[in-house]
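Following my numbering, the numbering of the sequence shown begins with 44 at its first residue and continues without gaps.
No residue lacks a Cβ here, since even glycine has one placed at the ideal position from N, Cα and C.
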Amino acid sequence: MDFTIVTASYNYGQYIGECLRSVVEQEGVSFEHLVMDAGSKDDTAAVVSRFPHAQFFQEPDKGMTDGINKGFRRAKGKWVMWLNADDRLKPNALRRVKEFAASRPDADVIHGGWDYMDGEGMTTRRMPAIPFDFRILVQNGCYIGSTACFYRRETTIAEGHLLDDGFGYCMDGEYYARLAHLGKRFLHMPEILADFRLHDQSISQKSLGKGDMNNLLRLQRQLAEPRAIRRLYGIKPFKDENLSLIVDGLLYHIYRFKKGALRALHGRQTKG
Numbered sequence: 044m045d046f047t048i049v050t051a052s053y054n055y056g057q058y059i060g061e062c063l064r065s066v067v068e069q070e071g072v073s074f075e076h077l078v079m080d081a082g083s084k085d086d087t088a089a090v091v092s093r094f095p096h097a098q099f100f101q102e103p104d105k106g107m108t109d110g111i112n113k114g115f116r117r118a119k120g121k122w123v124m125w126l127n128a129d130d131r132l133k134p135n136a137l138r139r140v141k142e143f144a145a146s147r148p149d150a151d152v153i154h155g156g157w158d159y160m161d162g163e164g165m166t167t168r169r170m171p172a173i174p175f176d177f178r179i180l181v182q183n184g185c186y187i188g189s190t191a192c193f194y195r196r197e198t199t200i201a202e203g204h205l206l207d208d209g210f211g212y213c214m215d216g217e218y219y220a221r222l223a224h225l226g227k228r229f230l231h232m233p234e235i236l237a238d239f240r241l242h243d244q245s246i247s248q249k250s251l252g253k254g255d256m257n258n259l260l261r262l263q264r265q266l267a268e269p270r271a272i273r274r275l276y277g278i279k280p281f282k283d284e285n286l287s288l289i290v291d292g293l294l295y296h297i298y299r300f301k302k303g304a305l306r307a308l309h310g311r312q313t314k315g
């Protein structure tokens, strides 16, 4: 089997049909699509039942990270990805990844570009893939779209490398940093592979611009997780915490500039 697509879901019946349709319409590859549902109370189960290709597992989990890991453990495909319940694959994305992977047998992780879209499915911004840079990832933050990233199962998940369920927001960034730290090879693919939806209910958007206590606590957690990644894998020139924070700030902006320059350069080379 070429691919396993893992989709963690909870009350995303409004969008999951688009996700499932984008997978079933993929051509030229073999795949399985595992939907790991945490016990949705909406019409998710009814929507999934209209797509016979999907394997639907409904049981409680400890959050999205745990749901994805449950899917990873069941995966049988040569390449594994997680596709958010509100996101979509581009047409023929899997075939293009398969062809690219065949030419690069040294790759453990392949990542491509993606389009941001709004709640209505309209494209708002294009994010071309850039070559893997460990320092950009750690010092500036995760810049690889999880919904356009593929893991060679044999050299990642089958070796026991799963998401860290201590992370609820930046689990992808921590995973990439850990795999790279272990020596896994990342290769970027200069093509747009997926649509990444941003809306009020998405994890990437929660806590932004809202002032109640629960959301402030979520925002604090969102900010804490990238700091934890920097502490684990980042540059540590000083023992003094205040000096380290200053260096962190400088490195953040240095690598932000580098990331922007690379996006501008590779944006012209990216296929839609």
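Buried or exposed by the 16-neighbour rule on C-beta atoms within 10 Å, applied to Met44: exposed
Where does Arg169 fall in DSSP's three states? In the three-state reduction of the DSSP assignment, Arg169 falls in the strand class, which pools E and B.
Which term fits Ser250, buried or exposed, when burial requires 16 or more other beta carbons within 10 angstroms of its beta carbon? Interpretation of Ser250 is limited by its pLDDT of 45, a score under 50 that renders its predicted location unreliable; no figure is taken from the coordinates.
Buried or exposed, going by whether 16 or more other CB atoms sit within 10 Å of the CB of Arg93? Exposed: under 16 other Cβ atoms inside 10 Å.
Per DSSP, what kind of secondary structure is Leu222 in: helix, strand or coil? helix
State buried or exposed for His224, treating a residue as buried only when at least 16 other CB atoms are found within 10 Å of its CB. exposed
Taking 7 Å as the CB-CB limit, is Asp80 close to chain C? The structure shown contains no chain C; it is built from a single protein chain.
For Ile200, which option in Arg221, Gln182, Glu102 has the closest C-alpha, if you only look at C-alpha atoms? Arg221
Stretch-stretch touch, CB-based, cutoff 8 Å, three pairs: the region 185–205 with the region 112–124: yes
Do the CB positions of Pro103 and Gly82 come within less than 7 Å of each other? yes
Give the range of the beta strand (DSSP E) segment to which Ile48 is assigned. 46–52
Enclosing beta strand (DSSP E) for Val66 [first to last residue]: From DSSP, Val66 is part of no beta strand (DSSP E) but of the alpha helix (DSSP H) over 56–67.
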